[in-house]
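These notes are about the structure you will find just below.
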Amino acid sequence: MLHSNLRRHCQAVVDGLSLPRPFSAEALCRQLSEERGRPLHVLPLPAAASAAGACGLWLATGTSDWIFVEQCTSPAHQEHIVLHEIGHMLFDHHNLVLDDEQDLSHLFTDLGPNLLRRFLARANYSTRQEQEAEMVASLIRTAAERYPAEQPREVMDKLEAALGFGARHAR
């Protein structure tokens, strides 16, 4: 897919989102969980997956979504990883759907080598799915930056007082 087509395709998905304000990946995860009617859990990526080259992973069970995130990286990179995995979720990219609900924080010790390779194949950014997920993550971040975080009330109070508005409102 050409870059301009990829961008248009992904922008349409992002335009369909109502991003939380102020924006945070956590708030977006809560919102998507509510919209999808299923819990969305964000957990540390197991060491075995990290050692194999993955930095993030999205899994779905019959009733829940699970995003695993590399912990040995910066908070900004962790947020980007979450947004990337949300991109996979929004596109419903090929994903193993587990039949039974289980404690997925220990799942990787039970995965066979073929299944683990299937998950970790997404660590290669040359596939269409990876390009879509990466573009969605970047577009979400760009859209979120258009809306500055709400200013704390005390900052506004100080600004109003400095400009002489505070006294007028206090009367």
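If you're matching positions, the sequence shown starts at 1 in UniProt numbering and goes up one per residue.
All residues carry an ideal CB built from backbone N, CA and C; glycine is no exception.
Counting contacts by CB-CB distance shorter than 7 Å, is residue i in contact with chain C?
i: E34; result: No chain C is part of this structure, which consists of one protein chain only.
If you follow the beta strand (DSSP E) that residue i is in, where does it begin and where does it stop?
i: D65; result: 65-69
i: G56; result: 56-61
Among the options, which residue has its Cα nearest to the Cα of residue i?
i: A76; options: P20, Q11, N5, E26; result: E26
i: L59; options: T142, E34, V42; result: V42
i: P39; options: A47, L45, P46, R30; result: R30
i: R8; options: V136, S33, I81; result: V136
i: A51; options: R36, E70, S64, E134; result: E70
i: Q11; options: A143, R128, S74; result: A143
i: F91; options: A161, E134, G53; result: E134
i: A54; options: L28, V14, V82; result: V82
Take the Cβ of residue i as the centre, count every other Cβ of all protein chains shown within 10 Å, and call the residue buried at 16 or more, exposed below.
i: F68; result: buried
i: residue 176; result: Past the edges of the chain, shown from 1 to 171, lies residue 176, and the structure says nothing about it.
i: G62; result: exposed
i: S18; result: exposed
i: F23; result: buried
i: D65; result: buried
i: P44; result: exposed
i: A47; result: exposed
i: V14; result: buried
i: L163; result: exposed
Determine the extent of the alpha helix (DSSP H) in which residue i is found, giving its start and end residues.
i: P44; result: From DSSP, P44 is part of no alpha helix (DSSP H) but of the beta strand (DSSP E) over 40-44.
i: C29; result: 25-36
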